[in-house]
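So in full-length UniProt numbering, spot 411 of the sequence shown is number 411, and the numbers just go up one at a time.
As structure tokens, the structure follows; a few thoughts come after it.
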Amino acid sequence: MNTLKTTFILLTAFLCSVNSIIAQDKTPVRFGKIKIEDFDVKAPAFDSAANAVVVADWGNSEFAANTTDLTISLQFTKKTRIKILNKNGFDAATVNIYLYTSTTGSAAEKLESLKAYTYNIEDGKVVETKVENSSVFTERKDKHWVIKKFTFPALKEGSLIEYSYTIKSDFISNLQAWAFQGEYPCLWSEYNAGIPEFYRYVTLSQGYRPFFINKVEQSQVRFSFRERYEVSGGGGFGETGSPIHYENFDVSGSQDNHRWVMKNVPGLKPESFTTTLNNHIAKIEFQLAQIHYPNTIPRPYMSDWKKVAESFKDNDKFGVLIDKSNGWLDDNIKQIVAAAKTQEEKARNIFQYVRDNISEKNDYGIYATTTLKDVFKNKSGNVADINLLLVAMLRHEKIDANPIILSTRSRGVTNEIYPLMDRYNYVIVKALVDGRVVYLDAADSKIGFGKLPLECYNGHAREVTKDVLTPVYFYADSLKETSLTNVFIINDANGGKPLGTVTENLGYYSSLYLRNKLANMKEEQYEKEYKTSFPENVEMKNFKIDSLKNYDDPIAISYETSYSAFGDNDIVYFNPLQESIIKKNPFVAAQRFYPVEMSFTQNQTYTLTMEIPKGYVVDELPKSTRLTLNGEDGMFEYIIQKDAENIQMRVRLKINKANFTNEDYETLRDFYAFIFKKQSEQIVFKKVKS
């Protein structure tokens with residue numbers, strides 16, 4: 001055997017394998033170099049209905065010392081290539097770039113080196129069309145954020161678009177986050193970040209996608225720069241009036257060079273029973289926790305819950321407002337609570353007054369926009385204005401009350417460990433009434449006493465007291481939505497059509513949904529809409545809605561029916577479920593990438609008592625059945641029986657928890673599919689031959 005030859009072959013195979021692995025690790029495109037073969041991009045098999053494909057999305061963040069002003073800055077560079085597959089993907093050709101500005105406006109992030117081109121194939125050649133500087137527009141979102149916006153020209157089905165830019169930032173706390181996932185599928189998403197040891201960041205990652213590459217390598221760095229401090233005595237003065245001291249640094253140390261890559265990431269798609277895609281997008285974020293230069297004392301940067309509590313206490317848009325005596329309320333509140341005999345009656349009267357008289361400006365936020373006296377006088381405010389006013393009024397009447405800050409379901413969950421305050425956007429009230437804890441929201445004009453909107457049930461929140469921010473939790477699993485529908489059908493004593501009476505007792509949140517709907521619709525219109533769900537041979541009359549304005553209680557709907565199908569027809573098909581348990585099957589997708597997040601647990605019951613129509617017999621009856629969901633997670637029961645004169649039926653659906661993992665999806669989908677099919681089964685009546 002030729003050992004040398006064998007060794008050479010093995011070595012060659014090994015080197016080829018190594019080269020293949022190295023090639024797989026490289027970014028798969030050369031940005032700025034477009035060839036005809038680059039247009040050969042189709043919708044990937046893992047997202048075959050895509051309208052556009054992100055071929056590659058590449059980002060890099062690094063620290064740099066500016067030689068001109070001797071400051072440290074963050075430089076973030078982004079390069080992206082996208083293939084437009086059809087006209088529905090044209091939205092991918094609009095780009096928004098966000099730039100941060102300081103509160104005083106003295107410092108702002110700068111956009112540099114913006115390049116953007118549309119590429120098309122014309123006459124067998126690649127033709128490029130540049131995005132001109134004049135096509136880049138500036139839009140101010142708020143006092144902190146400016147948006148640079150542009151749209152690619154010469155866009156066609158099949159176009160390639162590519163853009164790159166750099167953001168130069170003096171805010172070292174603003175290490176750019178990175179989303180590996182977006183509306184469109186991405187074949188390669190890569191983020192690199194070089195973080196010197198002097199800066200300690202907390203890394204927050206989320207999502208369900210695995211990293212193709214997740215590695216860190218170390219290198220050595222050196223920076224020469226100057227920092228300014230506000231100190232006591234001497235020097236010049238800064239914006240706050242404090243003396244300024246400058247200190248020069250020449251530091252060296254290690255740097256962690258991170259590289260994160262995901263491949264073949266599906267586009268984010270809205271799915272039923274998802275609070276917000278923000279909770280599920282594959283992304284990575286950073287929070288600056290500490291700065292520690294060599295031979296200096298570490299400087300903590302990230303706040304903690306104790307410090308945040310102190311800031312709320314001293315904030316004239318929050319704690320200062322509700323800690324005042326608010327003597328102006330002395331006369332204003334007398335009439336509101338005059339008839340109240342108990343503490344609960346006082347609390348109810350105050351709550352109802354604020355809810356019914358102070359209109360919410362559809363503006364969320366955790367800080368007041370004006371004084372509480374102005375809110376009371378002008379009868380309007382944002383969510384914080386209204387509920388902080390409620391706190392002040394309850395405290396004025398010696399009722400223990402505190403505000404609670406939270407993030408709504410549509411905004412996303414908050415972090416229990418780190419006080420990331422920009423996540424919070426809503427304020428509610430906790431009151432201790434006759435020794436019982438009651439949660440209130442007077443900003444919702446149709447919510448009852450002791451009830452909260454569904455948007456508030458988003459898990460972790462914080463109660464704001466004078467000294468601490470205490471964690472509290474509002475879980476959808478704690479909400480039990482119970483409904484009951486009773487149907488009675490009897491034979492007309494005069495020998496006419498069978499007659500029915502129906503009573504629907506809605507759950508509380510179904511009632512709230514209907515109340516909000518009827519705020520913009522007349523009851524007569526709703527009745528017409530309601531009738532459309534009935535077959536043509538079912539007539540409905542005497543339609544009534546009870547407790548519509550009684551916001552503390554659920555709504556009851558009642559009406560009468562008659563059934564013209566019976567009489568001349570030899571065979572009548574009759575669905576005993578006059579009201580479907582499930583209006584629409586929410587789970588039809590073959591697979592699901594996110595958890596199922598329902599708004600509440602459910603307990604729906606439907607009963608039917610029906611006299612067998614005169615002149616008919618039951619030819620076929622649906623079978624009774626009982627089905628469980630994952631043991632104790634839910635149950636569907638369909639019980640139907642008959643005797644010589646009557647049919648009795650009871651259908652019950654129980655869902656015992658609101659949240660299911662995506663691993664539970666297949667079982668949940670099949671469970672709902674069974675119910676959806678079962679509820680369409682019919683009784684077959686056959687006319688008795690004389």
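Idealized CB from N, CA, C, for every residue including glycine.
Note that this is a predicted model, so its numbers are computed, not measured.
Coil, strand or helix - Thr6 by DSSP:
For Thr6, the predicted model reports a pLDDT of 47, less than 50, meaning its position is unreliable; a value from the coordinates is still stated below. Annotated three-state conformation of Thr6 is helix, per DSSP.
In terms of alpha-carbon separation, which member of Lys430, Ile490, Lys678, Gly500 lies closest to Pro471?
Selection Lys430, Ile490, Lys678, Gly500 evaluated against Pro471 yields Lys430 as nearest (Cα-Cα).
Just mark Glu481 as buried or exposed, buried being the case when its beta carbon has 16 or more other beta carbons within 10 Å.
Residue environment: Glu481 is assigned as buried (16 or more neighbouring CB atoms within 10 Å of its CB, all protein chains considered).
Less than 8 Å between the C-beta atoms of Asn357 and Lys379, yes or no?
Yes.
According to DSSP, is Tyr208 helix, strand or coil?
Here Tyr208 sits in coil by DSSP.
What residues are listed by DSSP as bridge partners for Gly89?
In DSSP, Gly89 forms no bridge with anything.
Do the stretch 398-408 and the stretch 459-467 meet, that is, are 3 or more Cβ pairs less than 8 Å apart?
The stretch 398-408 vs the stretch 459-467: in contact.
Quick one: give me the first and last residue of the beta strand (DSSP E) that Ser483 is part of.
Here the beta strand (DSSP E) through Ser483 covers 480-490.
Alpha-carbon spacing of Leu548 relative to Met540, whole angstroms
Put simply, the backbone Cα of Leu548 is about 20 Å away from that of Met540.
Measuring alpha carbon to alpha carbon, tell me which residue in Asp434, Ser219, Cys186 is nearest Arg209.
Out of Asp434, Ser219, Cys186, Cys186 has the C-alpha closest to the C-alpha of Arg209.
For Glu157 and Phe137, what's the separation of their Cα atoms in angstroms?
Rounded to whole angstroms, Glu157 to Phe137 spans 25 Å at the Cα level.
Along the chain, which unbroken stretches of the alpha helix (DSSP H) at least 4 residues long are found entirely within the stretch 244-303?
For secondary structure counted as the alpha helix (DSSP H) over 4 or more consecutive residues, the stretch 244-303 holds no complete run.
Residue range of the unbroken beta strand (DSSP E) whose run includes Asn402:
Segment 400-406, the beta strand (DSSP E) holding Asn402.
What span of residues does the alpha helix (DSSP H) with Leu372 cover, start to end?
First-last of the alpha helix (DSSP H) with Leu372: 372-378.
Alpha-carbon spacing of Gly365 relative to Ala309, whole angstroms
Taking the straight line from one Cα to the other gives about 17 Å.
State the Cα-Cα distance for the pair Asn120 and Leu288, rounded to the nearest angstrom.
Taken atom to atom, the span from the alpha-carbon of Asn120 to that of Leu288 is near 43 Å.
Checking 8 Å against the spacing of the C-beta atoms, do Ala545 and Lys686 come in under that value?
At residue 545 the sequence reads Ile, which differs from the Ala that was named. No, Cβ-Cβ distance for Ile545 and Lys686 is not below 8 Å.
Through-space distance from Gln206 to Val231, alpha-carbon basis:
At Val231 the pLDDT is 45, less than 50, meaning the model places this residue with poor confidence and gives no usable figure here.
Backbone secondary structure at Ile582 - three-state DSSP
It is coil, neither helix nor strand.
State the CB to CB distance for the pair Ala92 and Ala154, rounded to an integer number of angstroms; the pair is presumed to be in contact (CB under 8 Å).
That belief does not hold up - the Cβ atoms of Ala92 and Ala154 are roughly 15 Å apart, past 8 Å.
Secondary structure of Lys148, DSSP reduced to three states:
Lys148 falls in the strand class under three-state DSSP.
Do Glu62 and Gly194 have their C-beta atoms within less than 8 Å of each other?
For Glu62 and Gly194, yes; Cβs fall inside 8 Å.
Ser564 versus Tyr594 - alpha carbon distance:
Going by C-alpha positions, Ser564 is about 47 Å away from Tyr594.
Do the stretch 210-223 and the stretch 248-266 make contact, defined as three or more Cβ pairs closer than 8 Å?
Verdict: yes, contact present.
Relative to the C-alpha of Tyr439, which residue among Lys168, Tyr473, Arg259, Tyr424 is closest?
The shortest Cα separation from Tyr439 among Lys168, Tyr473, Arg259, Tyr424 belongs to Tyr473.
8 Å Cβ shell around Tyr367 - same chain, five flanking residues per side excluded
Here Tyr367 has Asn315, Lys317, Phe318, Ala384 as same chain residues with Cβ atoms under 8 Å from its own Cβ, once five neighbours each way along the sequence are excluded.
Using the Cα positions of Phe46 and Lys263, report the straight-line distance between them to the nearest angstrom.
So the alpha carbons of these two residues sit roughly 11 Å apart.
With H, G and I counted as helix, E and B as strand and the rest as coil, what does DSSP make of Tyr367?
If DSSP states are grouped into helix, strand and coil, Tyr367 belongs with coil.
Looking at Ile322: is its Cβ nearer than 8 Å to the Cβ of Ala392?
Cβ distance < 8 Å, so Ile322 and Ala392 count as in contact.
Is Gly105 close to chain D? Criterion is C-beta to C-beta, closer than 8 Å.
Of the chains in the structure shown, none is chain D; there is only one protein chain.
Which residue wins for smallest C-alpha separation from Asn585, given the options Glu139, Lys341, Glu663, Ile675?
Nearest to Asn585 by C-alpha distance, out of Glu139, Lys341, Glu663, Ile675, is Ile675.
Examine the Cβ distances between the stretch 416-429 and the stretch 333-348 and report whether three or more of them are shorter than 8 Å.
The stretch 416-429, when compared against the stretch 333-348, does not touch it at the 8 Å Cβ threshold.
Determine the closest residue to Asn151 out of Asn96, Ser159, Thr607, with distance taken between C-alpha atoms.
Sequence inspection shows Thr at residue 151; the Asn mentioned does not correspond to that position. Comparing Cα-Cα distances from Thr151 to each of Asn96, Ser159, Thr607, the minimum goes to Asn96.
Cα-Cα, which of Gly567, Phe600, Ile161, Lys130 is closest to Gly495?
When each option's Cα is compared against that of Gly495, the closest is Gly567.
Considering only the beta carbon of each residue, do Gly59 and Lys78 sit closer than 8 Å?
A contact, by the Cβ cut-off of 8 Å.
Delimiting residues of the alpha helix (DSSP H) encompassing Trp305:
First-last of the alpha helix (DSSP H) with Trp305: 305-314.
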